[in-house]
Amino acid sequence: YLQESSGSTHSSYQAPPHISNILAVTQISMTSTQRGQVQGRPTDMNRNGDSKFTKSSPQIELPSASPAPSRSGSSSLAKSVRWGESDSDKEARTSPGSYSVGPPKPHPKPVLKYRTLHVANTPSPFDENTRKIAASAAIDSVIHDLVACVKDFKPPSELDFANAVSIMELAEVEKNKKFIDQLYRLEKLGEKLAEIPTHGDAQLMEKHYVASAAISSALSRMKEYQIKLGMKFIWTALDELAIKVHNCTEAFVYPRQLDFAEDCEDGMLLAKTERNGPFIYQLQLLASFREELLDIPEYDDERLEDKRWTIDDEIERNLEKMKSHQLGSYRYQLRNSTAYRARL
Numbered sequence: 001y002l003q004e005s006s007g008s009t010h011s012s013y014q015a016p017p018h019i020s021n022i023l024a025v026t027q028i029s030m031t032s033t034q035r036g037q038v039q040g041r042p043t044d045m046n047r048n049g050d051s052k053f054t055k056s057s058p059q060i061e062l063p064s065a066s067p068a069p070s071r072s073g074s075s076s077l078a079k080s081v082r083w084g085e086s087d088s089d090k091e092a093r094t095s096p097g098s099y100s101v102g103p104p105k106p107h108p109k110p111v112l113k114y115r116t117l118h119v120a121n122t123p124s125p126f127d128e129n130t131r132k133i134a135a136s137a138a139i140d141s142v143i144h145d146l147v148a149c150v151k152d153f154k155p156p157s158e159l160d161f162a163n164a165v166s167i168m169e170l171a172e173v174e175k176n177k178k179f180i181d182q183l184y185r186l187e188k189l190g191e192k193l194a195e196i197p198t199h200g201d202a203q204l205m206e207k208h209y210v211a212s213a214a215i216s217s218a219l220s221r222m223k224e225y226q227i228k229l230g231m232k233f234i235w236t237a238l239d240e241l242a243i244k245v246h247n248c249t250e251a252f253v254y255p256r257q258l259d260f261a262e263d264c265e266d267g268m269l270l271a272k273t274e275r276n277g278p279f280i281y282q283l284q285l286l287a288s289f290r291e292e293l294l295d296i297p298e299y300d301d302e303r304l305e306d307k308r309w310t311i312d313d314e315i316e317r318n319l320e321k322m323k324s325h326q327l328g329s330y331r332y333q334l335r336n337s338t339a340y341r342a343r344l
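Dropping the structure here:
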């Protein structure tokens, strides 16, 4: 297949027909492959010129066409391109001076990592919704406990306010125990509700307000009931004391004569004699009534204050009456003794 061309000192090479057909097909195949840009992961080149493909693609080996021989009669090194058949764990190599197909491997952008971290640190709407659901359930629990607390409570028919300065103060005695325990439970429910957050949610805030108002209403009813029982206690105590004062003063008989101590100079010192016994006891009894009146709690009610004043006035009036009788008896005896000594 070597032909000498006339008039030329150089020889040329003409490929046989079947070789020419193969080259033509290869050029067409190569052109379509480059135009389609076979998609593959970027390659990493090592020092020896080896490249690693990370994605599999069909293996195509291009037959090399020998260029025209040089003057020295030698041909240049053949160039070839090979794509790996297998996945990224196998390698495709190119000989020195060859080229690879595919774009260079892009480096990971730090901004992507930053964005990932930023998204991870962002509060999740699911977590926020979970907190709201938990807060709503906690409020429901308080309301449930409040309903049970109020429903199960049976208020006592009376309370003990003895020795109390005000009916708003309850002594820790057996009669008051159930009432005091109920007040304690309601106050604890209020404290529990106050610790539940609303997370700025309008519905939770409304629900929290309704529950708080319900607890306040229950405490107000307890207060009203306590005042009611307190006023009842005051009325009963004042009525009983008024009856005792009245019976005491109506039944008392003043003695015609009293015995005074020898060293008495103003008539205010009585001798402890049998004659003076009923008089001294009456004085002590009226003084105890006055102390009992002071021990009855006060309340800002006009009717109760009027009744209290009436009882106090009766006690003081009888004490003054007994004092006047005592001084009268002393003066009478003093005048008689002076007249008697004068006659002597």
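Residues in the sequence shown are numbered consecutively from 1, following full-length UniProt numbering.
A virtual CB, placed ideally from N, CA and C, is assigned to each residue, including glycine.
Unbroken alpha helix (DSSP H) run spanning residue i, endpoints
i, result
"S216", "A202 to A251"
"F289", "G277 to D295"
"K177", "K177 to A194"
Three-state class that DSSP yields for residue i in the structure shown
i, result
"L258", "coil"
"L270", "strand"
"G328", "helix"
"E298", "strand"
"L334", "helix"
"Y13", "Here the model assigns Y13 a pLDDT of 44, short of 50, so the residue's position is not dependable, and the following value carries that caveat. Looking at Y13 - three-state DSSP - the assignment turns out to be strand."
"S141", "helix"
"S136", "helix"
Proximity to residue i [Cα-Cα], best of the options
i, options, result
"R335", "W309, I296, M222 and G267", "G267"
"R308", "N318, R290, K321 and E320", "R290"
"P297", "L229, M205 and S220", "L229"
"M139", "E128, L193, R131 and R185", "As written in the sequence, residue 139 is Ile, which differs from the Met given in the question. With distances taken between Cα atoms, I139 lies closest to L193."
"F153", "A164, D181 and R131", "D181"
"R185", "K175, P197, T198 and I215", "I215"
"Y299", "V165, L219, A134 and G200", "V165"
"L204", "A134, P156 and T236", "A134"
Beta-carbon proximity list for residue i, same chain, < 8 Å, skipping 5 on both sides
i, result
"Q226", "L159, I167, M168, L170 and F179"
"R331", "G267"
"L269", "F260, A261 and D263"
"G328", "none"
"E314", "A242, V245, H246 and T249"
"V173", "D160"
"K151", "none"
Cβ-based neighbour list, residue i, same chain, cut-off 7 Å, excluding 5 preceding and 5 following
i, result
"D145", "L189"
"I311", "L238, L241, A242, V245 and L293"
"residue 345", "Residue 345 falls outside the range modelled here, since the chain spans only 1 to 344, and no answer is possible."
"L183", "M222"
Proximal residues to residue i (C-beta, below 6 Å), its chain only, five neighbours per side dropped
i, result
"L304", "I234"
"F161", "I167, G230, F233 and P297"
"I143", "A211"
"N318", "T249 and L286"
"Q333", "none"
"A218", "V150 and L186"
>> Any contact between the region 279–299 and the region 244–253? By contact I mean 3 or more CB pairs, one from each, below 8 Å.
In response: yes
> Does the region 265–281 come close enough to the region 146–154 to have 3 or more Cβ pairs within less than 8 Å?
Replying inline: no
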